[in-house]
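Novice: Residue numbers (mature numbering (1 follows the signal peptide of the UniProt record, and there is no 0)): -33 to -1, 1 to 239.
Ideal Cβ positions, reconstructed from N, Cα and C, are used throughout, including at glycine.
1) Straight-line CA distance for residue 43 to residue 49?
2) Just grab the DSSP bridge partners of residue 230 for me.
3) What residue range does the beta strand (DSSP E) around residue 183 cover?
4) When you compare each of 228, 207, 41 and 229 to residue 7 by their alpha carbons, which one comes out closest?
5) Quick one: measure Cβ to Cβ for residue 93 and residue 168, integer angstroms, because I've assumed they're closer than 8 Å.
6) Please list, in chain order, all residues of the same chain as residue 218 whose beta carbon is under 6 Å from its beta carbon, the five residues on each side excluded.
7) Mind checking residue 17: buried by the 16 CB within 10 Å criterion, or exposed?
8) Less than 8 Å separating the beta-carbons of residue 125 and residue 187?
9) When the Cα atoms are used, what is the spatial distance from residue 228 to residue 99?
10) Could you check which residue in 152, 193, 37 and 224 has the C-alpha nearest to that of residue 56?
11) Anyone know if the C-beta pair for residue 75 and residue 237 falls short of 8 Å?
12) Within a Cβ cutoff of 7 Å, which residues of the same chain sit near residue 177, ignoring the five residues on either side of it in sequence?
13) To the nearest angstrom, report how far apart residue 203 and residue 150 are at their CA atoms.
14) Closest to residue 66 by C-alpha separation, out of 101, 164, 83 and 115, would be which residue?
15) From what residue to what residue does the beta strand (DSSP E) around residue 195 run?
16) Determine, using beta carbons only, whether residue 198 and residue 144 come nearer to each other than 8 Å.
17) Name the DSSP beta bridge partners of residue 125, please?
18) Buried or exposed for residue 161, going by 16 or more other Cβ atoms inside 10 Å?
19) Between the beta-carbon of residue 159 and the beta-carbon of residue 135, is there less than 8 Å?
20) What is the DSSP secondary structure of residue 130, counted as helix, strand or coil?
21) Among the residues of its own chain, which have a CB less than 7 Å from the CB of residue 212, if the five just before and after it don't count?
22) From what residue to what residue does the beta strand (DSSP E) around residue 220 run?
23) What would DSSP say about residue 18, mapped onto helix, strand or coil?
24) Find the nearest neighbour of residue 53 within the set 46, 45, 170 and 62, judged by alpha-carbon distance.
25) In this structure, how does DSSP classify residue 55 when only helix, strand and coil are distinguished?
26) In the DSSP assignment, what residue or residues form a beta bridge with residue 95?
27) List the residues that DSSP assigns as beta-bridge partners of residue 172.
28) Are the beta-carbon atoms belonging to residue 220 and residue 86 less than 8 Å from one another?
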């Protein structure tokens, strides 16, 4: 007898909370809608807070190439040459087959202003391991410091950036899905130290009409620390404006040239 009022109270509280939540969501949608597409700027989609907490990653030896590729891995860069890559103008896949002009020195592939780098092979669901190094000499700040990016299927950017004592908008910092998903933490190492990404990526699904029936999902560890936990990717990662949904099949990996000399090594993929 006495449980019935309690249940009703919980129901009323839930309904009231749900109503308030819907009102809040509607307010956010209205605020976004008020920004007309032709009046958008890069700053329109920047988020600056709350700032993810700083986490100190475990000890990492700079004298080793990190995790040895497993036996079933597709090795995309082993420190010897860039034969598995071609030049790509811009940040979206092109039909270019021009040789990549990024230099390889001491087992490291360095980004160059000549182009971005695109894999010859295309991928869907995958596990990706990649190690990167931002310049030891600190130059610039914010987005102008050690900037690059890893474009999954050539469309969805996981940010590469030197964020060691270098604030920027949090949905554009290292570990973010660019301008979509803020990282859970900032486990950045010092400039010049090797860092690692381990990524589990599940590609989006589209029906015959080209409509997305399931978004892409990504889980990301930066230096062994979870920064993205099964996050849904809303669409393309745009510098200006909001994500776009475009039907596609398998796609390449693209390493972005952003004008900063970022080094990469030990890149491998396991198809899932």
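Specialist: Let me lay it out:
1) Each residue's alpha carbon lies about 8 Å from the other.
2) Answer is 77 and 100.
3) Boundaries of the beta strand (DSSP E) around residue 183: 183 to 189.
4) The shortest CA-to-CA distance from residue 7 to any of 228, 207, 41 and 229 is the one to 207.
5) Yes, they are in contact, since the Cβ atoms of residue 93 and residue 168 sit about 5 Å apart, within 8 Å.
6) A distance below 6 Å between beta-carbons, with the five flanking residues on each side excluded, links residue 218 to the following residues of its chain, in chain order: 89, 120 and 121.
7) By the 10 Å Cβ count, residue 17 comes out exposed.
8) Cβ distance < 8 Å, so residue 125 and residue 187 count as in contact.
9) The alpha-carbon separation between residue 228 and residue 99 amounts to approximately 11 Å.
10) For the residues 152, 193, 37 and 224, the minimum Cα distance to residue 56 belongs to 224.
11) Contact: no.
12) The residues 214, in chain order, have a CB closer than 7 Å to that of residue 177 in the same chain once the five nearest residues on each side in sequence are set aside.
13) Taking the straight line joining both Cα atoms gives about 18 Å.
14) Taking only the C-alpha atoms, the option nearest residue 66 is 83.
15) Unbroken beta strand (DSSP E) run through residue 195: 192 to 200.
16) Yes. Within cutoff.
17) The partner list for residue 125 (beta bridge, DSSP) reads 117 and 144.
18) Counting of Cβ neighbours within 10 angstroms places residue 161 among the buried residues, the total reaching 16 or more.
19) Result no, Cβ atoms of residue 159 and residue 135 do not sit closer than 8 Å.
20) Residue 130 falls in the coil class under three-state DSSP.
21) Correct list, in chain order: 179 and 202.
22) From DSSP, residue 220 is part of no beta strand (DSSP E); its letter is neither H nor E.
23) Residue state, collapsed to three classes: coil.
24) Looking only at 46, 45, 170 and 62, the smallest Cα-Cα distance to residue 53 is reached by 62.
25) Here residue 55 sits in strand by DSSP.
26) In DSSP, residue 95 forms a bridge with 166 and 236.
27) In DSSP, residue 172 forms a bridge with 181.
28) Their beta carbons are under 8 Å apart, which means residue 220 touches residue 86 by this criterion.
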